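Engineer: Sharing a structure below in structure tokens format, with a few things to ask.
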Amino acid sequence: MRSDQMAEILARQGTQRLYAAGDVMLSQGSRGTYLLVLTTGLAKVVQHRRDGTVLWLAFRGPGELLGEVSVLSRGHQLRGADVVAVTPCVTRVLDAHRFRKFVEENDLHADLLDRALERTRESDEYRAELVTLPVPARLARTLRRLSTLARSRQLTGLTQEELAQAVGASRNSVTEALQDLREVGAVATARKVISVVDTRVLDEWADRS
1 MRSDQMAEIL ARQGTQRLYA AGDVMLSQGS RGTYLLVLTT GLAKVVQHRR
51 DGTVLWLAFR GPGELLGEVS VLSRGHQLRG ADVVAVTPCV TRVLDAHRFR
101 KFVEENDLHA DLLDRALERT RESDEYRAEL VTLPVPARLA RTLRRLSTLA
151 RSRQLTGLTQ EELAQAVGAS RNSVTEALQD LREVGAVATA RKVISVVDTR
201 VLDEWADRS
């Protein structure tokens, strides 16, 4: 079963829950008693380290399951990160028992494993980018991914601090890279709004090394 099909079916079984931008949707260290299906909006996954630093892990968009790993562990594995709404988010909540029953009835263990492996591959790719690509290329790739996730060329609610975390660079470096992308016509910006103007130019910058 495709991931979008799974999310659509699960969404019909859950109850709606709304989150404002900045709300913590799932808390690091909590037990997996339920999961969320994100139907509208953009969320970020961040991990709080013991030294007080915050590690950016991923963005999540519509059609994504949130918190399913802890649910499938039957409470043995606590949630490993916070999921925070970047924009207003609409979700459907599904309790752990109902989700596990759905997985068993539809024999979806292999599908969920494939999904987990794909996320691992994406994480490995991201870590490789951090050490091999300059900041402008990393920013261009991040904006391209976000546009795909959000299913829109207009990205709202993002702060430059969040972009800096996602790109793995200082805020000043991201500000300079964003200015470069503006000057070549790849993006336009307003307060907490980044619009992808020219995908071809953005792709060219994303492929720079």
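Taking full-length UniProt numbering, the leading residue of the sequence shown gets 1, the next gets one more, and so forth.
Ideal placement from N, C-alpha and C gives every residue a C-beta, glycine not left out.
Here the structure is a predicted model, which is why all the values come from computation and not from measurement.
1. Spatial neighbours of Gln-28 within its chain, please: CB distance less than 7 angstroms, with the 5 preceding and 5 following residues excluded, ordered by chain position.
2. Could you have a look at Val-187 and say whether DSSP puts it in helix, strand or coil?
3. Entirely within the segment 104-141 and at least 4 residues each: give me those alpha helix (DSSP H) ranges in chain order.
4. Would Arg-60 and Pro-134 be called neighbours here (beta carbons separated by less than 8 angstroms)?
5. With DSSP as the reference, identify every bridge partner of Leu-35, one or two as the case may be.
6. Identify which residue in Thr-40, Arg-50 and Arg-74 has its Cα closest to the Cα of Gly-63.
7. Between the alpha carbons of Val-184 and Leu-65, how many angstroms are there, rounded?
8. Compute the distance between the beta-carbons of Thr-87 and Thr-156, then report whether it is under 8 angstroms.
9. Below 6 angstroms CB to CB, which residues in the same chain sit around Ala-7 once its five sequence neighbours on both sides are set aside?
10. Starting from Ser-3 and walking both ways along the beta strand (DSSP E), at which residues does that stretch end?
11. For the candidate residues Ala-85, Asp-95 and Leu-139, whose alpha-carbon lies nearest to that of Gly-22?
12. Since I believe Val-196 is in contact with Ser-147 (beta carbons under 8 angstroms), could you give me their beta-carbon distance rounded to a whole number of angstroms?
13. Relative to the C-alpha of Arg-74, which residue among Thr-53, Trp-56 and Ala-96 is closest?
14. If we require 4 or more residues per run, which alpha helix (DSSP H) segments fall completely within the segment 40-88?
15. Out of Val-90, Ala-43, Leu-113 and Gln-154, which one is the CA nearest neighbour of Ala-18?
16. Can you tell me the Cα-Cα spacing of Asp-114 and Ala-20, whole angstroms?
Structural biologist: So, to answer that:
1. Within the sequence shown, the letter at position 28 stands for residue 28. Cβ-Cβ distances below 7 angstroms link Gln-28 to Gln-47, His-48, Arg-79, Gly-80, Ala-81 and Asp-82 in the same chain, with the five nearest sequence neighbours on each side left out; the list follows chain order.
2. The residue given as residue 187 occupies position 187 in the sequence shown. Under the three-state reduction of DSSP output, Val-187 falls in the strand class.
3. The segment 104-141 contains these whole alpha helix (DSSP H) runs: 109-132.
4. Within the sequence shown, the letter at position 60 stands for residue 60. Within the sequence shown, the letter at position 134 stands for residue 134. Between Arg-60 and Pro-134, the CB-CB gap reaches or exceeds 8 angstroms.
5. Residue numbering aside, residue 35 sits at position 35 when the sequence shown is read from its first letter. DSSP, once it has assigned bridges, lists Leu-94 as partnering Leu-35.
6. Position 63 of the sequence shown, counted from the start, is the residue given in the question as residue 63. Checked all of Thr-40, Arg-50 and Arg-74; the closest Cα to Gly-63 is Thr-40.
7. Position 184 of the sequence shown, counting from 1, holds the residue named residue 184. Position 65 of the sequence shown, counting from 1, holds the residue named residue 65. Straight through space, the alpha carbons of Leu-65 and Val-184 are spaced by roughly 36 angstroms.
8. Residue mapping note: residue 87 aligns to position 87 of the sequence shown, counting from 1. Residue mapping note: residue 156 aligns to position 156 of the sequence shown, counting from 1. For Thr-87 and Thr-156, yes; Cβs fall inside 8 angstroms.
9. In the sequence shown, counting from the first residue as 1, residue 7 sits at position 7. When the five nearest sequence neighbours on each side are left out, the beta carbons in the same chain lying within less than 6 angstroms of the beta carbon of Ala-7 are those of Val-37 and Gly-63, in order along the chain.
10. Within the sequence shown, residue 3 is the residue found at index 3, counting from 1. Looking at the DSSP string, Ser-3 is not in any beta strand (DSSP E); the run it does join, the alpha helix (DSSP H), is 3-13.
11. Within the sequence shown, residue 22 is the residue found at index 22, counting from 1. Looking at the Cα atoms, Ala-85 is the closest of the given residues.
12. Stepping through the sequence shown from its first residue, residue 147 is reached at position 147. Stepping through the sequence shown from its first residue, residue 196 is reached at position 196. Between Val-196 and Ser-147 the Cβ distance is about 5 angstroms, and since that is below 8 angstroms, they are a contact.
13. Counting from one through the sequence shown, the residue named residue 74 turns up at place 74. Considering only alpha carbons, the answer is Ala-96.
14. Fully contained in the segment 40-88 are the following alpha helix (DSSP H) runs of length 4 or more, in chain order: 68-72.
15. Walking along the sequence shown from the start, residue 18 turns up at place 18. Checking the sequence, you will find Leu at residue 18 rather than Ala. For Leu-18, the nearest C-alpha among the options comes from Val-90.
16. For this step, residue 114 is matched to residue 114 along the sequence shown. For this step, residue 20 is matched to residue 20 along the sequence shown. Cα to Cα, Asp-114 sits roughly 31 angstroms from Ala-20.
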